[in-house]
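Q: Those protein sequence lines, which keep their order, are chains V and W.
Mapping the first sequence onto the numbering used here, position 299 (from 1) lands on 493, and the numbers just tick up by one.
Mapping the second sequence onto the numbering used here, position 387 (from 1) lands on 581, and the numbers just tick up by one.
Glycine included, every Cβ here is placed at the ideal spot set by N, Cα and C.
2 protein chains.
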Amino acid sequence: MTQALTISCAERVLDAYRRIAEADRPEVWITLRPETDVLAEARELDRRIAAGAELPLAGTLVAVKDNIDVADLPTTAACPGFAYTPATSAPAVQRLVDAGALVLGKTNLDQFATGLVGVRSPYGPVRNALRPEKISGGSSSGSAVAVALGIADIALGTDTAGSGRVPAALNDIVGLKPTLGLVPTTGVVPAARSYDAVTVFARTLTEAQRALAVMIGPDGGDPLGRTWPDDVRLSAPEHPRVAVPGDDDLTPLSPEARAAFRTAVKRLEAAGAETTVIDVSPLLEAARLLYDGALVAERYAAVGEFIAGDPSAADPTVAGIILASGELPAHALAADQERLDGYKALARRLLAGYDALLLPTTTEHPDIAAVQADPVTVNSRLGTYTNFVNLLDLAAVAVPAGEADGGPFGVSVITRAFEDQPALDIAALLTGEQAPTPLPGTGVDLAVFG
Amino acid sequence: MTQALTISCAERVLDAYRRIAEADRPEVWITLRPETDVLAEARELDRRIAAGAELPLAGTLVAVKDNIDVADLPTTAACPGFAYTPATSAPAVQRLVDAGALVLGKTNLDQFATGLVGVRSPYGPVRNALRPEKISGGSSSGSAVAVALGIADIALGTDTAGSGRVPAALNDIVGLKPTLGLVPTTGVVPAARSYDAVTVFARTLTEAQRALAVMIGPDGGDPLGRTWPDDVRLSAPEHPRVAVPGDDDLTPLSPEARAAFRTAVKRLEAAGAETTVIDVSPLLEAARLLYDGALVAERYAAVGEFIAGDPSAADPTVAGIILASGELPAHALAADQERLDGYKALARRLLAGYDALLLPTTTEHPDIAAVQADPVTVNSRLGTYTNFVNLLDLAAVAVPAGEADGGPFGVSVITRAFEDQPALDIAALLTGEQAPTPLPGTGVDLAVFG
Numbered sequence: 195m196t197q198a199l200t201i202s203c204a205e206r207v208l209d210a211y212r213r214i215a216e217a218d219r220p221e222v223w224i225t226l227r228p229e230t231d232v233l234a235e236a237r238e239l240d241r242r243i244a245a246g247a248e249l250p251l252a253g254t255l256v257a258v259k260d261n262i263d264v265a266d267l268p269t270t271a272a273c274p275g276f277a278y279t280p281a282t283s284a285p286a287v288q289r290l291v292d293a294g295a296l297v298l299g300k301t302n303l304d305q306f307a308t309g310l311v312g313v314r315s316p317y318g319p320v321r322n323a324l325r326p327e328k329i330s331g332g333s334s335s336g337s338a339v340a341v342a343l344g345i346a347d348i349a350l351g352t353d354t355a356g357s358g359r360v361p362a363a364l365n366d367i368v369g370l371k372p373t374l375g376l377v378p379t380t381g382v383v384p385a386a387r388s389y390d391a392v393t394v395f396a397r398t399l400t401e402a403q404r405a406l407a408v409m410i411g412p413d414g415g416d417p418l419g420r421t422w423p424d425d426v427r428l429s430a431p432e433h434p435r436v437a438v439p440g441d442d443d444l445t446p447l448s449p450e451a452r453a454a455f456r457t458a459v460k461r462l463e464a465a466g467a468e469t470t471v472i473d474v475s476p477l478l479e480a481a482r483l484l485y486d487g488a489l490v491a492e493r494y495a496a497v498g499e500f501i502a503g504d505p506s507a508a509d510p511t512v513a514g515i516i517l518a519s520g521e522l523p524a525h526a527l528a529a530d531q532e533r534l535d536g537y538k539a540l541a542r543r544l545l546a547g548y549d550a551l552l553l554p555t556t557t558e559h560p561d562i563a564a565v566q567a568d569p570v571t572v573n574s575r576l577g578t579y580t581n582f583v584n585l586l587d588l589a590a591v592a593v594p595a596g597e598a599d600g601g602p603f604g605v606s607v608i609t610r611a612f613e614d615q616p617a618l619d620i621a622a623l624l625t626g627e628q629a630p631t632p633l634p635g636t637g638v639d640l641a642v643f644g
Numbered sequence: 195m196t197q198a199l200t201i202s203c204a205e206r207v208l209d210a211y212r213r214i215a216e217a218d219r220p221e222v223w224i225t226l227r228p229e230t231d232v233l234a235e236a237r238e239l240d241r242r243i244a245a246g247a248e249l250p251l252a253g254t255l256v257a258v259k260d261n262i263d264v265a266d267l268p269t270t271a272a273c274p275g276f277a278y279t280p281a282t283s284a285p286a287v288q289r290l291v292d293a294g295a296l297v298l299g300k301t302n303l304d305q306f307a308t309g310l311v312g313v314r315s316p317y318g319p320v321r322n323a324l325r326p327e328k329i330s331g332g333s334s335s336g337s338a339v340a341v342a343l344g345i346a347d348i349a350l351g352t353d354t355a356g357s358g359r360v361p362a363a364l365n366d367i368v369g370l371k372p373t374l375g376l377v378p379t380t381g382v383v384p385a386a387r388s389y390d391a392v393t394v395f396a397r398t399l400t401e402a403q404r405a406l407a408v409m410i411g412p413d414g415g416d417p418l419g420r421t422w423p424d425d426v427r428l429s430a431p432e433h434p435r436v437a438v439p440g441d442d443d444l445t446p447l448s449p450e451a452r453a454a455f456r457t458a459v460k461r462l463e464a465a466g467a468e469t470t471v472i473d474v475s476p477l478l479e480a481a482r483l484l485y486d487g488a489l490v491a492e493r494y495a496a497v498g499e500f501i502a503g504d505p506s507a508a509d510p511t512v513a514g515i516i517l518a519s520g521e522l523p524a525h526a527l528a529a530d531q532e533r534l535d536g537y538k539a540l541a542r543r544l545l546a547g548y549d550a551l552l553l554p555t556t557t558e559h560p561d562i563a564a565v566q567a568d569p570v571t572v573n574s575r576l577g578t579y580t581n582f583v584n585l586l587d588l589a590a591v592a593v594p595a596g597e598a599d600g601g602p603f604g605v606s607v608i609t610r611a612f613e614d615q616p617a618l619d620i621a622a623l624l625t626g627e628q629a630p631t632p633l634p635g636t637g638v639d640l641a642v643f644g
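#1: Suppose you measure from the CA of Q288 of chain W to the CA of D509 of chain V; what does that come to, to the nearest Å?
#2: Pick from W:D218, W:I224, W:A234, W:V222: whose alpha carbon is nearest that of L208 of chain W?
#3: Distance cutoff 8 Å, beta carbons only. Does R387 of chain W sit that close to anything in chain V?
#4: Can you list, in chain order, the residues of its chain whose CB lies under 6 Å from that of A295 of chain W, leaving out five sequence neighbours each side?
#5: Taking Cβ positions only, does G536 of chain V come closer than 8 Å to chain W?
#6: Between P285 of chain V and chain W, is the shortest Cβ-Cβ distance under 8 Å, so that the two count as touching?
#7: Can you grab the Cα-Cα spacing for the pair E468 of chain V / A617 of chain V, in whole Å?
#8: Could you tell me which of V:R206, V:P569, V:E248 sits nearest to V232 of chain V, measuring between CA atoms?
#9: Using the beta-carbon of each residue, which ones in chain W are nearer than 9 Å to G375 of chain V?
#10: Does chain V have any CB closer than 8 Å to the CB of D425 of chain W?
#11: Check the Cβ-Cβ distances between H525 of chain W and every residue of chain V, and say whether any is below 8 Å.
#12: Residues of chain W with CB under 9 Å from G520 of chain V, in chain order?
#13: Does the beta-carbon of A518 of chain V have 16 or more other beta-carbons within 10 angstroms, so that it is buried, or is it exposed?
#14: Are any of the Cβ atoms in chain V nearer than 8 Å to that of Y485 of chain W?
#15: Which value, in whole angstroms, describes the spacing of the CA atoms of S475 of chain W and G331 of chain W?
#16: In chain W, which residues lie less than 7 Å from P417 of chain V when you measure between Cβ atoms?
#17: Output needed for R325 of chain W: all residues of its chain with C-beta closer than 8 Å, excluding positions within five of it in sequence on either side, in chain order.
#18: To which residues of the same chain is D504 of chain V closer than 8 Å at the C-beta, ignoring the five residues directly before and after it?
#19: Could you check what DSSP says for A524 of chain W in three-state terms: helix, strand or coil?
#20: Is it right to say K460 of chain W is buried, meaning 16 or more other beta carbons lie within 10 angstroms of its own, or is it exposed?
#21: Determine contact between the segment 387-395 of chain W and the segment 350-370 of chain W, defined as no fewer than three beta-carbon pairs at a distance below 8 Å.
#22: May I ask you to list, following chain order, the residues of the segment 483-513 of chain W that have a beta carbon less than 9 Å from some beta carbon of chain V?
#23: Assign G411 of chain W to buried or exposed, taking buried as 16 or more other Cβ atoms, counted over all protein chains shown, within 10 Å of its Cβ.
#24: Using 8 Å as the cut-off, can you tell me whether the segment 528-545 of chain V makes contact with the segment 487-499 of chain V, which would need three or more C-beta pairs spanning the two stretches below that distance?
#25: Going by DSSP in three states, D347 of chain W sits in which element: helix, strand or coil?
#26: Please return the same chain residues whose Cβ sits closer than 8 Å to the Cβ of R575 of chain W, not counting the five positions on each side in sequence.
#27: Are any of the Cβ atoms in chain V nearer than 8 Å to that of A210 of chain W?
#28: Please check the pair K300 of chain W and I348 of chain W, which I expect to be a contact at CB under 8 Å, by giving their CB distance rounded to whole angstroms.
#29: Would you mind giving the Cβ-Cβ distance between D304 of chain W and S335 of chain W, rounded to the nearest angstrom? I have them listed as a contact below 8 Å.
#30: Out of W:D413, W:T555, W:D549, state which residue places its alpha-carbon closest to the alpha-carbon of T470 of chain W.
#31: Buried or exposed: where does H525 of chain V fall if 16 or more other Cβ atoms within 10 Å of its Cβ makes it buried?
#32: Secondary structure at L588 of chain V, three-state DSSP: helix, strand or coil?
#33: Please determine, among V:T555, V:E463, V:L633, the residue with the shortest C-alpha to C-alpha distance to V607 of chain V.
#34: Residues bridged to K259 of chain V by DSSP?
#35: Could you tell me the alpha carbon to alpha carbon distance between V383 of chain V and A502 of chain V, rounded to whole angstroms?
#36: Please give the ranges of any beta strand (DSSP E) in the segment 360-406 of chain V, keeping only runs that are unbroken, at least 3 residues long and fully inside the region.
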């Protein structure tokens, strides 16, 4: 980061802890590291830099969602009874640290990454960075808010149904949801392991992308790990063809949000994109498989036995969802996986001929109190435009796109698997940033020391 | 086929029906087409050839396993109550017909392709082509025997656990089990759809490979369809590195069969291969997931409701297996799929640095009476060396490799997904055939009219 060149890593850490104190958002953190510990690491970094060390992320301050291992800090997944303290960091974290990043602590989340609200946690609901009475979105709630408040430069989230994108939209920041398997999920508490991705929040695409670049690459431990194919696309075309939904597919949005979405489409067009209205309802239908069907049984496979052992140890909403999934028959899961394969083929046909699909990131921005009063219905609605993405093996970049209904509005650029860089390029047309250095090249180079 | 150039298609059909009568193996067929129908098609073919039509498989006689659709013939899957008559042929069949092949009829199988014995069918156990008191192997029993008896030039099978390879070994013919997804499974009654492949039996690698070449390519209908990757290997190296099992992994074999396997290894070495003994026990362990775990629930998803509706309509052994799989919980399937992904990663590491793995195709050759007396135990053992192949996304070519215990002995060349051509090349070192024209090129060209 450029700041690292002008002020020392130690100064950046001191600033961050000042902002933490000023912000007074204790619910953001499940484990905040002692300032002295981080400061000592920052000083050591400053010494190495003075001695000529070249670290692409020197002094970058990182917040890590508390379902991702950081060595010697407890991993709780927002369930105190589940906590364990790993001896090693997840590769996603270790690669950032190896590149010069400093971990500030572990952030709050919807327990076991089950939720899109940021309210389902015994560590308290995470208040929105901009409008404290509103939800932060989840499940990567604390990570998104830590970035939005300017405490962390980047934060790691995870995303199965939208957990790395919905909080980005609601806190007016960037969220990268890379292609499944590119960033190892080793050392991450699974939500639904077939559809889990490690994600990055940042205030700019460039910062998010630089972090992602060092995180990508096989680690030898993630059985679902994948590498860039030989024919990977390194950029979007100058005039990308972007599919957009028609009014019928935008009915969950308020009129103001719909107008904000149309403004984003116009902005893309003004930047050179050719947009085409398509019927995205089959994708939104596929989204329903994630929770209305049997795919959710993967959550039981991950932590069901733990919860069944002592249901009172878990958040009641989360326990309800996961324990119910334990009752489903295997043939229903097999049948839903077959349906999902059908939807995947359908999505390939639907998106053929387009470089990306632009959608609103989420539907609305509820108050914390409203979600506490009805913890399931609103949550489901929030995933309308995100749930299908991982199910159908797509990549997504969530970016701010103006305002609606008195708060931030966000859109997502969705692409085929491995088209992460075209997604970033198209997202940059919306934010006005210069498109960052192509990902795959960077990823491949840096994987060597990762 | 070269014969087609010297004798007419009509003469070939007449010969085939003479052989059918001579062989007196009515249990091979569930539906044998009337000779006059096939003859009329042959005469039409002869007219087209005389008029200059170029058909790569002109006059090739094909037998089709009766879980694969042929237009206007019933598809029974060896369960009369399940039968339906499709209006269109499966793409795998249609592509052969378009290339000039003639379908003789539909062959007997272990019901719903559930079995490796060829005994689980209300149409009668299929007797071995060479030793009638012995099993044919299954589930593609009739197809293998039709080829082994010289009635059909090629036959289509399906293979989930070894159904396209075990019968090849027991009837002394070639069985190609291509990479999953290369040949569309559209129009095929699923066994366990994630692991089902359409296979080819023939008496030579060249014949099998020519047929496979026209069958490969996306059809737009199979959601699990795949295409050759850009970096597909078009041949095995001159000195292929072949992994082979040690004695510990060959204990299920008789001493004579073990000696036959060692002879095959020596033959490979004499042909230029470098062999290395590796511990294949992790692969054999993965094999057990197919039936001892919850993956079998895919069979319930495919035909479970039908069987549950009237269990007496099904073979009792088959009904028992499939109905039991209906009782399994979804989280157990999710957990076994996770285990399977772990085994896949393990297999990648185990086979890294090798062009192929050579294994016996099956363990033994039981009498029909022995299998009837104990329909499950022997069946399970027969899949020891085949079950893991589709689970771990590998390709395989089964070829004859001499004799043991008074009958044929067979081995399989197993490669990574998409390395079908290297597998054929290495198999050709064993049979002494010249390696046929590389597959992918042929497949890609012919896919245009397929």
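A: Let's see:
#1: Roughly 56 Å separates the two Cα atoms.
#2: Among W:D218, W:I224, W:A234, W:V222, the Cα nearest to that of L208 of chain W belongs to W:A234.
#3: Yes - at least one Cβ of chain V is within 8 Å of the one on R387 of chain W.
#4: Excluding residues up to 5 positions away in sequence, L251, T254, V256 lie with their Cβ nearer than 6 Å to the Cβ of A295 of chain W in the same chain.
#5: Chain W contact via Cβ: present.
#6: No, because no Cβ of chain W sits closer than 8 Å to the Cβ of P285 of chain V.
#7: Those two C-alpha atoms are separated by around 15 Å.
#8: Ranking V:R206, V:P569, V:E248 by Cα distance to V232 of chain V puts V:R206 first.
#9: Under a criterion of Cβ atoms nearer than 9 Å, no residue of chain W is adjacent to G375 of chain V; the nearest Cβ is some 11 Å distant.
#10: Chain V has a Cβ within less than 8 Å of the Cβ of D425 of chain W.
#11: Answer yes: the Cβ-Cβ gap between H525 of chain W and chain V drops below 8 Å somewhere.
#12: Ordered by position in chain W, the residues that pass the 9 Å Cβ test against G520 of chain V are P523, A524, H525.
#13: By the 10 Å Cβ count, A518 of chain V comes out exposed.
#14: With 8 Å as the cut-off, Y485 of chain W does not count as an interface residue toward chain V.
#15: Those two C-alpha atoms are separated by around 24 Å.
#16: Those within 7 Å of P417 of chain V in chain W are D535, G536, K538, A539.
#17: Closer than 8 Å at Cβ, skipping near neighbours: H559, G600, G601.
#18: G275, listed in sequence order.
#19: Helix at A524 of chain W.
#20: Here K460 of chain W is exposed. Its C-beta has fewer than 16 other C-beta atoms within 10 Å.
#21: At 8 Å Cβ cutoff, the stretches touch.
#22: For the segment 483-513 of chain W, which is checked against every Cβ of chain V, the residues closer than 9 Å are A488, L489, V490, A491, E492, R493, Y494, A495, A496, G498, E499.
#23: Buried: at least 16 other Cβ atoms inside 10 Å.
#24: These segments touch.
#25: It is coil, neither helix nor strand.
#26: For R575 of chain W, where only same-chain residues beyond five positions count, the Cβ hits under 8 Å are P446, T557, E558.
#27: Taking Cβ atoms only, chain V never reaches closer than 8 Å to A210 of chain W, which makes this a no.
#28: That pair is no contact at about 15 Å.
#29: Yes, D304 of chain W and S335 of chain W are in contact; Cβ-Cβ is about 7 Å, under 8 Å.
#30: Per the Cα distances, W:D549.
#31: By the 10 Å Cβ count, H525 of chain V comes out buried.
#32: Reduced to three states, the DSSP call for L588 of chain V is strand.
#33: Cα-wise, what sits closest to V607 of chain V is V:T555.
#34: According to DSSP, which records beta bridges pairwise, K259 of chain V is partnered with V:T301.
#35: Cα to Cα, V383 of chain V sits roughly 17 Å from A502 of chain V.
#36: The qualifying runs are 368-371, 391-396.
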